[in-house]
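So the structure is just underneath, and the comments pick up after that.
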Amino acid sequence: MSVLSLDQTSRWYGNVVAVNGVSMTVRPGVTGLLGPNGAGKTTLIALMSGFLSPSAGAVTLDGVALWRHTDAYRSIGLVPERELSFGYLTGRQFVLANAELHGLDDPGAATERALEVVEMTEPAARRIGTYSKGMRQRVKLASALVHDPSVLLLDEPFNGVDPRQRLHLMSLLRRMGSDGRTVLFSSHILEEVEQVARQIEVVVSGRHAASGDFGQIRRLMTDRPVQYVVVADDDRRLATALIAEPSVVAVSLRSDGGVDVSVSDFGSFAVRLPLVARRHGIRILELTPTDESLESVFAYLVGGDR
Amino acid sequence: MNRTVARLSAQALFGSRRGIVLMLIPGALLVLSVIVRVLTDAEIGLEVAVGLGFTLALPLVALLAATAVLGPEIDDGSVVYLLSKPVSRHVIAVSKYAAAWAATMVLGALPLLLSGLVLDPSEMGQAVALGVGAAVAGTAYCALFIGLAALTRHAVVIGLLFTLLWEGALGGVFGGVKWVSIGPWGREVASWVSPLVDPVGLGVTYALVATILVTVASVWFTGDRLRSFTLRGDE
Chain V
488 MSVLSLDQTS RWYGNVVAVN GVSMTVRPGV TGLLGPNGAG KTTLIALMSG
538 FLSPSAGAVT LDGVALWRHT DAYRSIGLVP ERELSFGYLT GRQFVLANAE
588 LHGLDDPGAA TERALEVVEM TEPAARRIGT YSKGMRQRVK LASALVHDPS
638 VLLLDEPFNG VDPRQRLHLM SLLRRMGSDG RTVLFSSHIL EEVEQVARQI
688 EVVVSGRHAA SGDFGQIRRL MTDRPVQYVV VADDDRRLAT ALIAEPSVVA
738 VSLRSDGGVD VSVSDFGSFA VRLPLVARRH GIRILELTPT DESLESVFAY
788 LVGGDR
Chain U
205 MNRTVARLSA QALFGSRRGI VLMLIPGALL VLSVIVRVLT DAEIGLEVAV
255 GLGFTLALPL VALLAATAVL GPEIDDGSVV YLLSKPVSRH VIAVSKYAAA
305 WAATMVLGAL PLLLSGLVLD PSEMGQAVAL GVGAAVAGTA YCALFIGLAA
355 LTRHAVVIGL LFTLLWEGAL GGVFGGVKWV SIGPWGREVA SWVSPLVDPV
405 GLGVTYALVA TILVTVASVW FTGDRLRSFT LRGDE
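As you go down the protein sequences, you meet chains V and U in turn. Numbering-wise, the working numbering puts 499 at position 12 of the first sequence, and it's gapless, one number per residue. Numbering-wise, the working numbering puts 338 at position 134 of the second sequence, and it's gapless, one number per residue.
Now the structure itself:
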């Protein structure tokens, strides 16, 4: 059982802050590291795997600092986002080399065991250059599992993997977690993280924005004021009617036509809007959410007082 | 020395297009030696071969071999698979160096010996001296270039500038450059092995000590750079 901790960890490159005062504890089980692209997920994983020195703060595995601590790799398995460039090796040769580098007693047996776990025994005789993206991911995973590590770090493991292989990878990760390993993987897709992770850590712009189980994170992301633009045949009358609704927080008229509406509870707003329009005989021509992108969801989380 | 790292490095050397170029250079040197031998008398021929072999073929082979075992892996980040292991970074550096060094000996030093034999078959000692000198220079070249590959992604360009501009052009104009050029150290050792090779005038002790210093320092530096390897994202 291993615990990874970040204590007020920051990392900057010159003037650019990649990770800003992050504190988190990663315990046994599956943890999802969720955030938009460029949020600092890879930087965090680099810090957690000892491949980056923190500019401030500490990154420790069971109390031992990771930077330049070569022996820590006995208990860490890392699956980087980078593509494998060992195209001239077969999958088996590659995993075997990893086993040998770990100095295992029986690298051959460890290789076969790891290949079996990721169900790559059969294609392992082929060159990596001929593999599909999902197969490469699985070989990378096998190479990270070959020494039976207690910590498994994966950077965007589902990127570019087809749906069937994705399900397979997800069930693998869940199994690793329930075996008592400390598994952390990064992703920019909430649905992906929800399906695998028990614990979710959200990072946005290098900051730790939220932390909790998927129910808590889901609520944080949906129970927030949402902005819509509604265009009707009579904008002013619609605005008057909408401000009477409890789910509506603010209404303003646009100079070029349309009404900006801020909604606190978008579930009931979705039910109420057509009823209101019908009761007042107003025709709705257009309804557009203005901030539905994932980035704005994350931006909201960062802006919140957490 | 880690055999797995050395084996992987050897596979990287010959698993890429670089491997073919690496074979072509000694091939070209030998073909050229045969042509020169047929067309001219031995004296001039040997000068040409030594000149080309020492100043061009040998450093090129060392440069290609040394950068091939480290450069691409650092560039594309896949060296992280080697480094995420409980293996000392200095051991990794030494093992990678060993693979590049072996290639430099076989494809850089040995062809110079053969070239010497082709050009002047009667003087075995002279050919051996050339081979030994090339082995000494190749040892230092290889280490220097692997250090460069650990330092910058432009190692090939900087290595070429060092050989062609510094050792080649400037070395030809200013005599002092020979003290800080690797090729002349090798030639000095060659002249110590056989009197038939003209000495450069550095003294064999200086040549050997400088070679050892550069080799040890560069390989150690490579290991130190690997200790500080930083994983970056695709952005």
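Think of the CB as a built atom: it goes at the ideal place given N, C-alpha and C, for glycine as much as any other residue.
Please confirm whether residue i and residue j have their CB atoms less than 7 Å apart.
i	j	result
Ala210 of chain U	Ser288 of chain U	no
Thr208 of chain U	Glu587 of chain V	yes
Pro230 of chain U	Pro315 of chain U	yes
Leu311 of chain U	Leu226 of chain U	yes
Leu659 of chain V	Val670 of chain V	no
Thr547 of chain V	Pro290 of chain U	no
Gly281 of chain U	Arg569 of chain V	yes
Leu323 of chain U	Gly249 of chain U	yes
Glu327 of chain U	Leu400 of chain U	yes
Val423 of chain U	Ala411 of chain U	no
Arg600 of chain V	Ser542 of chain V	no
Leu729 of chain V	Val736 of chain V	no
Arg429 of chain U	Ala354 of chain U	yes
Gln652 of chain V	Gly621 of chain V	yes
Phe538 of chain V	Thr434 of chain U	yes
Leu274 of chain U	Phe349 of chain U	no
Thr530 of chain V	Ala684 of chain V	no
Per DSSP, residue i forms a beta bridge with which residues?
i	result
Arg614 of chain V	V:Thr577
Thr271 of chain U	Answer by DSSP bridge pairing: none, since Thr271 of chain U is not bridged.
Ala552 of chain V	V:Thr547
Ser673 of chain V	V:Leu520
Ile563 of chain V	V:Val638
His695 of chain V	V:Val690
Gln714 of chain V	V:Ser749
Thr496 of chain V	V:Val509
Asp700 of chain V	V:Gln686
Using CA coordinates, which residue listed in the options is at the minimum distance from residue i?
i	options	result
Asn524 of chain V	V:Gly745, V:Ser673, V:Ala684, V:Gly578	V:Ser673
Ser489 of chain V	V:Val638, V:Val582, V:Glu678	V:Val638
Val254 of chain U	U:Val336, U:Met205, U:Ser292	U:Val336
Val716 of chain V	V:Val691, V:Met663, V:Ser751, V:Leu774	V:Leu774
Ala757 of chain V	V:Ala612, V:Pro776, V:Gln624	V:Pro776
Ala339 of chain U	U:Asp402, U:Leu274, U:Asp279, U:Gly257	U:Gly257
Lys528 of chain V	V:Thr617, V:Ser619, V:Glu603, V:Leu641	V:Leu641
Ser385 of chain U	U:Tyr345, U:Val397, U:Arg357	U:Tyr345
Ser199 of chain U	U:Ala331, U:Phe366, U:Ala306	Residue 199 of chain U is absent from the structure shown; chain U starts at 205 and stops at 439.
Arg625 of chain V	V:Gln714, V:Arg668, V:Gly508, V:Gly578	V:Gly578
Ser510 of chain V	V:Leu591, V:Gly516, V:Glu688, V:Pro712	V:Glu688
Val361 of chain U	U:Leu236, U:Pro263, U:Met205	U:Pro263
Val763 of chain V	V:Gly745, V:Val691, V:Ala719, V:Ser739	V:Ala719
Using a Cβ cut-off of 9 Å, pull out every chain U residue sitting near residue i, in sequence order please.
i	result
Asp635 of chain V	Under the 9 Å cutoff, chain U gives no residues; its nearest Cβ is about 14 Å from Asp635 of chain V.
Ser755 of chain V	Per Cβ cutoff of 9 Å: no residues; Ser755 of chain V is ~40 Å from chain U at best.
Ala545 of chain V	By Cβ distance, chain U contributes nothing, its closest Cβ being about 17 Å from Ala545 of chain V, past 9 Å.
DSSP three-state call for residue i: helix, strand or coil?
i	result
Phe425 of chain U	helix
Asp792 of chain V	Low per-residue confidence applies at Asp792 of chain V: pLDDT is 43, beneath 50, and the placement is therefore not dependable, though the value from the model is reported in the following sentence. It is coil, neither helix nor strand.
Thr415 of chain U	helix
Met205 of chain U	coil
Ser619 of chain V	coil
Met663 of chain V	helix
Gly335 of chain U	helix
His430 of chain V	Residue 430 of chain V falls outside the range modelled here, since chain V spans only 488 to 793, and no answer is possible.
Asn507 of chain V	strand
Pro588 of chain V	In the sequence as displayed, the identity of residue 588 of chain V is Leu instead of Pro. Looking at Leu588 of chain V - three-state DSSP - the assignment turns out to be helix.
Ile769 of chain V	coil
Ala737 of chain V	strand
Pro776 of chain V	strand
Leu571 of chain V	coil
Val648 of chain V	coil
Leu400 of chain U	coil
Leu243 of chain U	helix
Glu439 of chain U	For Glu439 of chain U, the predicted structure reports a pLDDT of 43, less than 50, and the residue's modelled location is therefore unreliable. A value from the coordinates is still provided. Of the three classes helix, strand and coil, the one that applies to Glu439 of chain U here is coil, per DSSP.
Can you name the residues of chain U whose CB is closer than 8 Å to the CB of residue i?
i	result
Asn585 of chain V	Tyr285, Lys289
Ser630 of chain V	Tyr285
Arg569 of chain V	Asp280, Gly281, Ser282, Val284, Asp438
Leu565 of chain V	Val284, Ser288
Under 7 Å between beta-carbons, which chain U residues line up against residue i? List them in chain order, please.
i	result
Asp558 of chain V	Pro290
Tyr618 of chain V	Residues of chain U passing the Cβ test: none, with the nearest at roughly 15 Å.
Arg561 of chain V	Pro290
Does any C-beta atom of chain C lie closer than 7 Å to the C-beta of residue i?
i	result
Phe645 of chain V	You won't find chain C in this structure, because its protein chains are V and U.
Can you pull the chain V residues whose beta carbon is under 8 Å from the beta carbon of residue i, in chain order?
i	result
Leu234 of chain U	Ordered by position in chain V, no residue passes the 8 Å Cβ test against Leu234 of chain U, which lies about 28 Å from the chain.
Pro276 of chain U	Ser572
Taking C-beta pairs closer than 7 Å, name the residues in chain V that residue i reaches, listed in chain order.
i	result
Phe433 of chain U	Phe538
Phe212 of chain U	What sits at residue 212 of chain U in the sequence shown is Leu, not Phe. Ala584, listed in chain order.
Thr208 of chain U	Ala584, Glu587, Leu588
Residues of chain V with a CB under 9 Å from the CB of residue i: which are they?
i	result
Gly219 of chain U	Phe573, Gly574, Tyr575, Leu576
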